[in-house]
Amino acid sequence: MFTRNLRSQLVVSFLALILFTLIALGSYILWFFYRHNIASLDAAMLNQAKIIEELIYRDMSGPIQKGQIDEKIKELSSRIDLRVTIIDTTGIVIADSQQNPALMENHIDRPEVAQALIGNNGYSVRASTTLDKSLLYVSTPIFYNNEITGVVRVAMPLDHVDEGYYKIFSALLVASCLTFLVAIGFSLALAYRYTRPLETIINSANKIAQGELGERIFIKTGDELEILAHSLNNLTSSLEDKVTDITAQNHKLELILQNMGDAVILLDRFGKVTTVNKMAINIFGITGNMVGQHNIQVIGNSLLDQAVQDTLRLKESRIIDLKTNVYGKKRVFQVFLAPIIGGDQAGILTVFHDITTLQEIHDRQASFVSNASHELATPLTAIKGFAETLLDGALAQPELGEKFVRIIYDESERMHRLIQDLLQLARLDAQEYREQIQLSPVNIAAILTAAKQDMSPRWQQKHLIIDLDYPTVEIYAQSHPDWLKQVIVNLLENAIKYTPEQGKITLACWPENNELKIAVKDSGIGIPGKDLPLIFDRFYRVDKARTRTAGGSGLGLAIVKFIVEVLGGRIEVQSKVDVGTTFIITLPLPKER
Ligand code: ADP
Numbered sequence: 080m081f082t083r084n085l086r087s088q089l090v091v092s093f094l095a096l097i098l099f100t101l102i103a104l105g106s107y108i109l110w111f112f113y114r115h116n117i118a119s120l121d122a123a124m125l126n127q128a129k130i131i132e133e134l135i136y137r138d139m140s141g142p143i144q145k146g147q148i149d150e151k152i153k154e155l156s157s158r159i160d161l162r163v164t165i166i167d168t169t170g171i172v173i174a175d176s177q178q179n180p181a182l183m184e185n186h187i188d189r190p191e192v193a194q195a196l197i198g199n200n201g202y203s204v205r206a207s208t209t210l211d212k213s214l215l216y217v218s219t220p221i222f223y224n225n226e227i228t229g230v231v232r233v234a235m236p237l238d239h240v241d242e243g244y245y246k247i248f249s250a251l252l253v254a255s256c257l258t259f260l261v262a263i264g265f266s267l268a269l270a271y272r273y274t275r276p277l278e279t280i281i282n283s284a285n286k287i288a289q290g291e292l293g294e295r296i297f298i299k300t301g302d303e304l305e306i307l308a309h310s311l312n313n314l315t316s317s318l319e320d321k322v323t324d325i326t327a328q329n330h331k332l333e334l335i336l337q338n339m340g341d342a343v344i345l346l347d348r349f350g351k352v353t354t355v356n357k358m359a360i361n362i363f364g365i366t367g368n369m370v371g372q373h374n375i376q377v378i379g380n381s382l383l384d385q386a387v388q389d390t391l392r393l394k395e396s397r398i399i400d401l402k403t404n405v406y407g408k409k410r411v412f413q414v415f416l417a418p419i420i421g422g423d424q425a426g427i428l429t430v431f432h433d434i435t436t437l438q439e440i441h442d443r444q445a446s447f448v449s450n451a452s453h454e455l456a457t458p459l460t461a462i463k464g465f466a467e468t469l470l471d472g473a474l475a476q477p478e479l480g481e482k483f484v485r486i487i488y489d490e491s492e493r494m495h496r497l498i499q500d501l502l503q504l505a506r507l508d509a510q511e512y513r514e515q516i517q518l519s520p521v522n523i524a525a526i527l528t529a530a531k532q533d534m535s536p537r538w539q540q541k542h543l544i545i546d547l548d549y550p551t552v553e554i555y556a557q558s559h560p561d562w563l564k565q566v567i568v569n570l571l572e573n574a575i576k577y578t579p580e581q582g583k584i585t586l587a588c589w590p591e592n593n594e595l596k597i598a599v600k601d602s603g604i605g606i607p608g609k610d611l612p613l614i615f616d617r618f619y620r621v622d623k624a625r626t627r628t629a630g631g632s633g634l635g636l637a638i639v640k641f642i643v644e645v646l647g648g649r650i651e652v653q654s655k656v657d658v659g660t661t662f663i664i665t666l667p668l669p670k671e672r
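Going by this note's numbering, the first residue of the sequence shown is number 80, and it counts up by one from there.
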């Protein structure tokens, strides 16, 4: 469109210039030719008129002489091929070479006559009323005794001047037409020569603008257009390099964003979600149609929205702790909010760092410390109380003194056990310690027999029956003999503690589904269903008063579960109040067997 316009503009301007030049030049030549011819004729005719004046001026001296002039003139004009007219000072025609002067009108108002009557040479070009053609009239005054006595006028038709004029006009017209035709062709070629490379440049520039950065312009004009094409090629090359850099950079950022361990959500300046990474999709279950929705609809937390608005308003980064419900579970996030400044692109970057586990560990640690302090404080208070009583005089009564000292001993024994349990838990908690534990095939029947043997004073004292139930073939588990024995002893100790006298306890083991099962089953008081999920928690007791008198710290089952998991197994419990409890441990079989 543009080049077509430019091309037609160039052609039209060029042709207009040529046409104007041709017309101006032609007109000047015609005018010059005409003027030159008239001037030459004028000079020649003036000479003739002067000669005639010289011949007849004496005849103007009186009326008798004037009467002979007409005849003289007619004779003279037959030799000079000019029309000659003699006019007196009043404008009356005295003689005429071609007409009868008596029939001719007064000539006083003819411009050339009027000029001559005031002493000048006069001339005029006009159509003759008598001959009906274009004539050149030249006149000169007739002097007699220094007085103007009349006018000699010679006239000549301008036929041959006009003829020459029209010939030149025709020749000029033909030449101009030919020149104009050549000019049309020339201007088209010229316009095409300049607009063709421009067209190429425009086409390429359009392609580049549409993102085809591999496009290059090849033109060889040797002028500024070639330089322009070269500059455009350089510009495109550097643009291509920049775009490649930016694409690589974007790809890197995209990879980082998508593979980050934290959820990243970009919000626009209205708080609407614009971009999310994989982690955000997984954590918050963001679907495609949620992109574009407001953060309240997507995350569902007004605290976050408030922080988003504050960040936008103050244009300052901030970190908030966000407790929210995701799929019905409480999650805690540390959210980093940073403003993205940039007009329409303004928005907020939010990074959600999941600290739920950290928070849970922190909470558990706090509750552990509080529980441990409480557990230690109880026997310590008793010890302190009885020691004070002894100091206050109870020592003087030996019976009472011994009783109090025994209580002090029992309570310190309890504290000792508690501290032992706490130390064991601390040891198990240490990663390095757990990594040192070497697993090997352990004969399970031997472990169960040894545990029963070790605890014999306790169960015999309560008149309990302990059954051992294992296959006749030796069965092994991939485990650690000391730790496994401690697990069995702890469970057996609980079974003895919570089973009334005459009760029955069974220690069994059997292989099942490529694993090994160990059961510690008692016919004791059982555990209520609501407590079952909590009994492996640290310091958890079903009945605090009862178990404390039974000497329990509430750490036994926590240690058991911890050890079983360190040994690569798992533990379950089944129980019914007043019927009995069964703990089932599942352990891996040795690989080589
Ligand atoms: P404790 O040292 O107090 O026995 P444990 O962690 O070993 O602590 O046990 C936690 C709680 O589980 C006990 O307080 C007790 O109420 C309950 N419990 C454990 N084993 C049995 C069992 N065999 N029969 C009934 N209750 C049990």
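Glycine included, C-beta positions come from ideal geometry on N, C-alpha and C. Nothing here was measured: the structure is a model prediction, and the numbers come from that model.
Check: Who pairs with E651 in a beta bridge, going by DSSP?
Finding: In the DSSP output, where bridge partners are listed per residue, E651 has I663.
Check: For L214 and chain C, any beta-carbon pair shorter than 8 Å?
Finding: Absent here is chain C; the protein component of the structure consists of one chain.
Notebook entry, point to check: Grouping DSSP H, G and I as helix and E and B as strand, with all else coil, what is S106?
Noted result: helix
Check: Between the beta-carbon of Y555 and the beta-carbon of N522, is there less than 8 Å?
Finding: yes
Checklist line | CB contact flag (D601, T578, <8 Å) | finding: Closer than 8 Å, so yes.
Next item on the list: Starting from F415, follow the alpha helix (DSSP H) in both directions and report where the run begins and ends.
Entry: Note, F415: premise wrong, no alpha helix (DSSP H); beta strand (DSSP E) at 408-419.
Item checked: E651 beta carbon less than 8 Å from that of I663 -> Yes, Cβ-Cβ distance for I663 and E651 is below 8 Å.
Notebook entry, point to check: Which first and last residues belong to the beta strand (DSSP E) in which T585 is found?
Noted result: 583-591 is the extent of the beta strand (DSSP E) around T585.
Margin query: If contact is defined by three or more beta carbon pairs under 8 Å, each pair taking one atom from either stretch, is the stretch 321-330 in contact with the stretch 343-362?
Written below: When C-beta atoms of the stretch 343-362 are compared with those of the stretch 321-330, fewer than three pairs fall below 8 Å, so the two segments do not count as touching.
Next item on the list: For R162, count neighbouring Cβ atoms within 10 angstroms of its own Cβ and tell me buried if that reaches 16, exposed if not.
Entry: buried
Checklist line | Limits of the unbroken beta strand (DSSP E) element including L501 | finding: Not the beta strand (DSSP E): L501 falls in the alpha helix (DSSP H), residues 477-508.
Check: For D616, which residues does DSSP report across the bridge?
Finding: According to DSSP, which records beta bridges pairwise, D616 is partnered with nothing at all.
Notebook entry, point to check: Does the beta-carbon distance from S176 to K145 come in below 8 Å?
Noted result: no
Check: Hey, would you say the C-beta of S443 is under 7 Å away from at least one heavy atom of ligand 1?
Finding: First, the amino acid is wrong: residue 443 is Arg here, not Ser. R443 Cβ: outside cutoff for every heavy atom of ligand 1.
Next item on the list: Note down the Cα distance separating I638 from T665, rounded to an integer number of angstroms.
Entry: Their backbone Cα atoms lie some 16 Å apart in a straight line.
Notebook entry, point to check: Quick one, are the C-beta atoms of I487 and M534 less than 8 Å apart?
Noted result: no
Notebook entry, point to check: So, do the stretch 109-119 and the stretch 239-259 have three or more beta carbon pairs nearer to each other than 8 Å?
Noted result: Of all C-beta pairs linking the stretch 109-119 to the stretch 239-259, three or more are shorter than 8 Å, placing the two stretches in contact.
Notebook entry, point to check: How would the residue list near ligand 1 read, in chain order, if you kept each one whose beta-carbon is closer than 5 Å to any heavy atom?
Noted result: N573, A574, Y577, G603, I606, I614, R620, V621, T626, G631, S632, G633, G635, L636, T660
Check: In the DSSP assignment, what residue or residues form a beta bridge with N522?
Finding: Y555
Next item on the list: For S249, count neighbouring C-beta atoms within 10 Å of its own C-beta (all shown protein chains included) and say buried if the count is 16 or more, exposed if not.
Entry: exposed
Check: Residues bridged to K299 by DSSP?
Finding: K299 pairs with nothing; no bridge assigned.
Item checked: CB of L134 within 8 Å of CB of V217, strictly -> no
Check: Nearest to T551 by alpha carbon, out of S381, A524, T390, A425?
Finding: A524
Checklist line | L507 to I362 span [Cα, whole Å] | finding: 32 Å
Next item on the list: Look at Q60 and L527 and say whether their C-beta atoms are less than 8 Å apart.
Entry: Residue numbering for the chain in the displayed model covers 80 to 672; residue 60 lies beyond these limits and cannot be assessed.
Check: Assuming L646 and L586 make a contact with CB atoms under 8 Å, what is their CB distance in whole Å?
Finding: Their Cβ separation, rounded to whole angstroms, is 17 Å, which puts L646 and L586 out of contact at 8 Å.
Next item on the list: Could you spell out where the alpha helix (DSSP H) holding E191 opens and where it closes?
Entry: 190-196 is the extent of the alpha helix (DSSP H) around E191.
Check: For E572, is the classification buried or exposed, using 16 other Cβ atoms within 10 angstroms of its Cβ as the cut-off for buried?
Finding: buried
Check: Taking buried to mean at least 16 other C-beta atoms within 10 Å of its own C-beta, is D167 buried or exposed?
Finding: buried
Note to self: Measuring alpha carbon to alpha carbon, tell me which residue in G198, S157, R205, L182 is nearest R189.
What the structure shows: It is R205.
Notebook entry, point to check: How would you write the range of the beta strand (DSSP E) that N32 sits in, first residue to last?
Noted result: Here the chain comprises residues numbered 80 to 672, so residue 32 is not present and cannot be evaluated.
Check: R397 to T390, Cα distance in whole Å?
Finding: Answer to the nearest angstrom: the Cα atoms are 7 Å apart.
Check: Mind checking R617: buried by the 16 CB within 10 Å criterion, or exposed?
Finding: The residue in question, R617, is buried, as its Cβ has 16 or more Cβ neighbours within 10 Å.
Check: How about L634 and D500: are their beta carbons less than 8 Å apart?
Finding: yes
Notebook entry, point to check: Quick one: any contact between the stretch 427-438 and the stretch 453-471, if contact means 3 or more CB pairs under 8 Å?
Noted result: Touching, no, given that fewer than three Cβ pairs across the two stretches are closer than 8 Å.
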